[in-house]
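Encoded as structure tokens, the structure appears first; notes follow it.
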Amino acid sequence: MSDRVLRDYYAAFNRGDSAAMLALLTDDVVHEPSQGAVRNGKAAFAEFLDHMNRCYSETVIEPVFLTSADGTRAAAEFMLEGKYLVTDGDLPAAAGQRYRLRVGAFFEMRDGRIARVSNHYNLADWLAQVG
């Protein structure tokens with residue numbers, strides 16, 4: 001079950017379909033980004049997705065999924081190919097720079113939905129690519 005949910009989640013991500021991504025989350029989802037404050041709830045995650053879609057165009061490449069035997073935990077590793085579209089806060093100025101990052105993501109699953117998303121990547125690598 002977890003593997004199917006994660007495949008659907010990243011397929012929706014690659015289509016830029018935030019509504020489909022949000023449909024796979026619990027209402028009280030916890031989002032732990034690689035950098036920054038934890039977000040709680042589907043509304044906060046939706047705001048995050050809107051921000052990301054405005055600033056970046058990204059595609060998940062060849063994800064690999066691991067799930068716990070009881071289906072309550074899962075992980076994904078993938079390459080992320082992106083284009084930096086609009087300057088994001090204090091980060092370097094955007095000028096259409098392309099980047100490629102290895103990303104790890106960890107998930108808690110509950111009742112067939114994603115209850116926690118924790119993303120991890122090397123910010124210094126991203127800064128070197130876009131700076």
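Residue numbers (the UniProt record's numbering): 1 to 131. Heads up, the beta-carbon is just placed ideally off N, CA and C, and yes, glycines get one too.
Got a sec? Which residues, its chain only, sit under 7 Å from residue i by beta carbon, not counting five neighbours each side?
i           : result
L24         : V5, D8, Y9, R113, I114
V86         : R54, C55, A94
D125        : L101
A12         : A20, M21
L123        : S34, Q35
residue 157 : In the structure displayed, the chain extends from 1 to 131; residue 157 sits before or after that span and is not available.
CB residue i to CB residue j, shorter than 7 Å?
i           : j    : result
F78         : V103 : yes
A128        : N119 : no
residue 134 : D3   : The structure shown does not extend to residue 134, since the chain is modelled only from 1 to 131, so the question has no answer here.
Within a Cβ cutoff of 6 Å, which residues of the same chain sit near residue i, ignoring the five residues on either side of it in sequence?
i    : result
V38  : E32
Y121 : S34, L101, V103
P92  : V130, G131
To the nearest whole angstrom, what separates the beta carbons of residue i and residue j, a pair I think is in contact under 8 Å?
i   : j   : result
L22 : A46 : 6 Å
A76 : P63 : 5 Å
With distances taken Cα to Cα, identify the nearest neighbour of residue i among the options.
i    : options             : result
M52  : F107, D125, N14     : N14
F107 : D88, G131, R73, A11 : R73
V130 : D88, D111, R110     : D88
T26  : G41, V64, P63, D90  : G41
M109 : Y84, G71, V64       : G71
K83  : P92, L91, G96       : G96
For residue i, which residues of its own chain have a beta-carbon under 8 Å away from its beta-carbon, when the five flanking residues on both sides are left out?
i   : result
D50 : S18
E81 : E58, T59, I61, R98, Y99, R100
F65 : S2, D3, L6, R7, A74, A75, A76
Going by the C-beta, is residue i closer than 6 Å to any heavy atom of the ligand GDP?
i    : result
V117 : Within the structure as shown, the ligand GDP is missing, as the structure has no ligands at all.
Whole alpha helix (DSSP H) elements within the UniProt domain "SnoaL-like" (7-117), 4-residue minimum: Counting whole runs of 4 or more residues, the UniProt domain "SnoaL-like" (7-117) contains the alpha helix (DSSP H) stretches 18-23, 42-55.
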